[in-house]
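Mapped onto the UniProt record's numbering, the consecutive letters of the sequence shown carry residue numbers 1 to 396. The beta carbon of each residue, even a glycine, is placed where N, CA and C say it ideally should be. The model shown is predicted, which means the values in this text are computed figures rather than measured ones. Below is one structure, written out as structure tokens; comments come after it.
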Amino acid sequence: MNHFQCKKILHRCRLLIFLSVLTLLLSGCWDRQEINDLAIVLGAGIDITDEGLIDLSVEIVTAQEGQEEEQGGAQTYVESATGQTVVDATSTLQQKLSRQLFWGQMEAIIMSENMAREGVHGSLDFFARQPQTRLRNYIYVTEENPKEVFAATPHLEVSTTKTLAELSEFQAGLNVTTLDFLRALESEGEHGVLPMVETLPQDAGKEEEQTDLMGNRAALFKRDKMIESIDMDITRGVMWLRDEIEGATVTLSPERSEGLISMYMIRSDVNFKPQIQGGTWKILVEAKSEDDIFQNASNLDLKEVDNVKMLEGELATQIEDRMRETLEVVQQDLQLDVFGFGETFRRKYPEKWDEVRDQWDEKFAEVEVDFDIETIIHRPGLSSEPTGLPEGEVEE
Numbered sequence: 001m002n003h004f005q006c007k008k009i010l011h012r013c014r015l016l017i018f019l020s021v022l023t024l025l026l027s028g029c030w031d032r033q034e035i036n037d038l039a040i041v042l043g044a045g046i047d048i049t050d051e052g053l054i055d056l057s058v059e060i061v062t063a064q065e066g067q068e069e070e071q072g073g074a075q076t077y078v079e080s081a082t083g084q085t086v087v088d089a090t091s092t093l094q095q096k097l098s099r100q101l102f103w104g105q106m107e108a109i110i111m112s113e114n115m116a117r118e119g120v121h122g123s124l125d126f127f128a129r130q131p132q133t134r135l136r137n138y139i140y141v142t143e144e145n146p147k148e149v150f151a152a153t154p155h156l157e158v159s160t161t162k163t164l165a166e167l168s169e170f171q172a173g174l175n176v177t178t179l180d181f182l183r184a185l186e187s188e189g190e191h192g193v194l195p196m197v198e199t200l201p202q203d204a205g206k207e208e209e210q211t212d213l214m215g216n217r218a219a220l221f222k223r224d225k226m227i228e229s230i231d232m233d234i235t236r237g238v239m240w241l242r243d244e245i246e247g248a249t250v251t252l253s254p255e256r257s258e259g260l261i262s263m264y265m266i267r268s269d270v271n272f273k274p275q276i277q278g279g280t281w282k283i284l285v286e287a288k289s290e291d292d293i294f295q296n297a298s299n300l301d302l303k304e305v306d307n308v309k310m311l312e313g314e315l316a317t318q319i320e321d322r323m324r325e326t327l328e329v330v331q332q333d334l335q336l337d338v339f340g341f342g343e344t345f346r347r348k349y350p351e352k353w354d355e356v357r358d359q360w361d362e363k364f365a366e367v368e369v370d371f372d373i374e375t376i377i378h379r380p381g382l383s384s385e386p387t388g389l390p391e392g393e394v395e396e
């Protein structure tokens with residue numbers, strides 16, 4: 001290889017290195033948008049007007065790049081627009097804003113009950129197709145106009161959307177993402193269920209603009225339309241049967257003692273075992289709960305094994321009673337399989353499932369449900385005996 005060829009190869013290497021570095025530099029800002037140019041959407045609300053138009057409201061971040069959040073200061077504001085579809089309303093909304101709408105940080109979708117009862121498929125289609133949105137955001141129903149929910153100013157978070165997301169992550173109620181709900185809508189053996197959120201009346205002593213949120217109820221769907229709402233107790237039963245209970249507190253009044261005992265569930269597990277015998281369809285619900293004693297306000301001595309076993313039995317009975325009460329409402333009265341019984345039968349008995357898939361709601365109401373509940377109390381706390389009671393008043 002002569003000197004000329006060496007210089008030619010060296011020149012090509014230098015050119016290749018230069019182009020590689022240039023490519024890396026360009027890739028970092030090729031499609032970059034400054035945060036000051038974006039209207040970052042944290043939450044979206046969907047309502048329907050009396051004229052049948054979509055009323056879209058969004059909670060938008062107002063903080064700018066490099067701006068520090070002031071303690072207690074408002075960091076978001078709500079804007080809204082109407083249209084024939086969500087896309088149409090979005091287009092009108094964009095015309096009101098000096099920044100480009102950005103959906104990539106959206107954490108929650110709130111639908112009004114009026115909208116939910118009309119049918120949600122068409123509106124949710126926008127969020128499923130929108131490349132910026134993440135289907136891991138949470139989804140809710142409210143009796144109010146979503147704008148009223150977004151207008152709430154909770155104490156601990158900077159926005160309504162953040163508060164809702166934290167409540168869902170802490171398992172304060174049902175925890176349903178948009179992806180979960182869309183899968184339920186597409187399923188032949190399960191209907192959808194969504195948590196309901198509401199603003200609470202202002203407590204005395206609070207600042208005028210401060211409002212709290214609660215999400216203890218739930219909305220039940222048949223296909224994409226809301227059919228009924230259920231109260232807090234039935235919602236907790238739904239969470240048990242869907243294996244979504246986490247960190248629950250249970251208080252008992254033991255039969256052989258005076259006073260109350262409160263337990264904290266540290267973990268739980270629920271499984272369904274389907275069985276078809278002749279023409280009878282059955283489900284065995286196997287549930288296991290592991291708990292700690294958090295408060296003993298009774299006269300029961302918990303260092304005695306028999307007392308602990310008695311508590312475990314009473315706790316298992318309470319869990320089963322809650323599940324049976326829930327099934328009486330959801331299975332017998334409403335005939336809505338929000339638990340996934342149908343999917344369980346479909347996986348184990350695909351041929352039998354094909355025979356009933358078109359009439360599953362009616363068949364679901366006929367399914368016999370049995371229970372096998374196991375509860376384990378691990379720790380009675382720092383003191384096994386009741387505190388503050390004379391020894392003679394302690395029940396052993």
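| query | result |
| --- | --- |
| Touching by the beta-carbon criterion (3+ pairs, under 8 Å), the region 181–193 and the region 149–160 | no |
| Inter-residue Cα distance where the pair is Val367 and Thr90 | 45 Å |
| Helix, strand or coil at Ile46 according to DSSP, with G and I counted as helix | strand |
| Span of the beta strand (DSSP E) around Glu79 | 76–83 |
| Rounded separation between Leu194 and Phe221 - CA only | 8 Å |
| Close beta carbons around Thr92, own chain, < 8 Å, minus the five adjacent residues each side | Ala81, Thr82, Gly83 |
| Start-to-end residues for the beta strand (DSSP E) that takes in Thr142 | 138–142 |
| Euclidean distance between Cα positions of Lys309 and Glu258 | 17 Å |
| Cβ pair count under 8 Å reaching 3, the region 247–261 against the region 288–304 | yes |
| Cutoff 8 Å: Glu59 Cβ touching any chain C Cβ | The structure shown contains no chain C, having only a single protein chain. |
| Val250 beta carbon less than 8 Å from that of Met239 | no |
| Secondary structure of Pro131, DSSP reduced to three states | coil |
| Spatial neighbours of Ile234 in its chain, beta-carbon cut-off 6 Å, leaving aside the 5 residues before and after | Thr326, Val329 |
| Residues near Phe371 in its chain [Cβ-Cβ closer than 6 Å; skip 5 each side] | Val285, Glu320 |
| Meets three-Cβ-pair contact criterion under 8 Å: the region 131–141 and the region 48–60 | no |
| Thr85 and Ile54 closer than 8 Å at C-beta | yes |
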